[in-house]
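Colleague:
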Amino acid sequence: MQKISRHKTRDCLFQALYSKINLQDSFLQESFLDNFYEWNLGFLDQVYFEEMFAWIIENEGKLVYIIEKFAPKFDISSMSVINIIPAFIASYEMLYLKCDSVPENVSINEALELVKLYSDPQWRIFINWVLNSLKQSKTEVKKELSKITNKNLFFKNYDQKKS
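So for the sequence shown, this note's numbering puts the first residue at -10; every next one is plus one.
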């Protein structure tokens, strides 16, 4: 039996979120996992994966707000989702998982590794800035997020935005 790996689970989560954005309603989480990983899911932290996947999709507007708050000069709607998904994953971990579950620095470093793996490494500077700013303002941001109504930018109608 394989050891459960949060690192590998984050990678799988990144790929599932990217697939969800591109496939929209035709994306099926179960078939993604089964087909993409060919039943070799011993590494997957299933509870973590399912919680993160559902929350990120349902609360995308809050995650977009965080990026816009700390990087107001960037137009998030024109950014590649490959650069944004790692920030979504780390932001959720930093704000809503218990600190002893995933230390903030681990969340930031894991996001930077995802950017390095899937994107232009120069985006690491941007992601690092946003996540370290969030780390320093976490209490304030949590209060602000409680007042945010969700808006979907990537997970709904993404096909219309791309054309």
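All C-beta atoms, glycine included, are put in the ideal place defined by N, C-alpha and C.
None of these values were measured; they are calculated from a predicted model.
Looking at the unbroken alpha helix (DSSP H) that takes in L106, where does it start and where does it end?
Modeller: If you number the sequence shown from 1, residue 106 lands on position 117. Counting along the chain, the alpha helix (DSSP H) containing L106 begins and ends at E93 to Y107.
Colleague: Name the residue from L2, Q125 and L12 whose alpha carbon lies nearest to the alpha carbon of A43.
Modeller: Within the sequence shown, numbered from 1, the residue matching residue 43 stands at position 54. For A43, the nearest C-alpha among the options comes from L2.
Colleague: Might you give, ordered along the chain, the residues of its own chain that have their beta carbon closer than 6 Å to the beta carbon of N72, omitting 5 neighbours on each side?
Modeller: Numbered from its first residue, the sequence shown carries residue 72 at position 83. Within the same chain, N72 has close Cβ partners S108 and W112.
Colleague: For S69, name the three-state secondary structure that DSSP assigns.
Modeller: Here residue 69 refers to the residue found at position 80 when the sequence shown is read from its first residue. Coil, per DSSP.
Colleague: Over the uninterrupted alpha helix (DSSP H) stretch that includes L2, give me the two end residues.
Modeller: Sequence index remark: in the sequence shown, residue 2 carries index 13 (1-based). Element bounds for L2: R(-5) to L12.
Colleague: Any heavy atom of the ligand COA closer than 6 Å to the Cβ of E133?
Modeller: With respect to the ligand COA, the structure offers nothing, as it holds no ligand at all.
Colleague: For a test of the three-state rule: what should DSSP assign to N48, helix, strand or coil?
Modeller: In the sequence shown, residue 48 corresponds to position 59, counting from 1. In this structure, N48 counts as coil in the three-state DSSP scheme.
Colleague: Could you have a look at A60 and say whether DSSP puts it in helix, strand or coil?
Modeller: The sequence position of residue 60 within the sequence shown is 71, counting from 1. It is coil, neither helix nor strand.
Colleague: Report all residues from its chain with a CB closer than 8 Å to the CB of A60; omit the five preceding and five following residues, and keep chain order.
Modeller: Within the sequence shown, numbered from 1, the residue matching residue 60 stands at position 71. Closer than 8 Å at Cβ, skipping near neighbours: F115, W118 and V119.
Colleague: With I114 as the anchor, note down where its alpha helix (DSSP H) starts and where it stops.
Modeller: Working through the sequence shown from its first residue, we reach residue 114 at position 125. I114 -> alpha helix (DSSP H) spans W112 to Q125.
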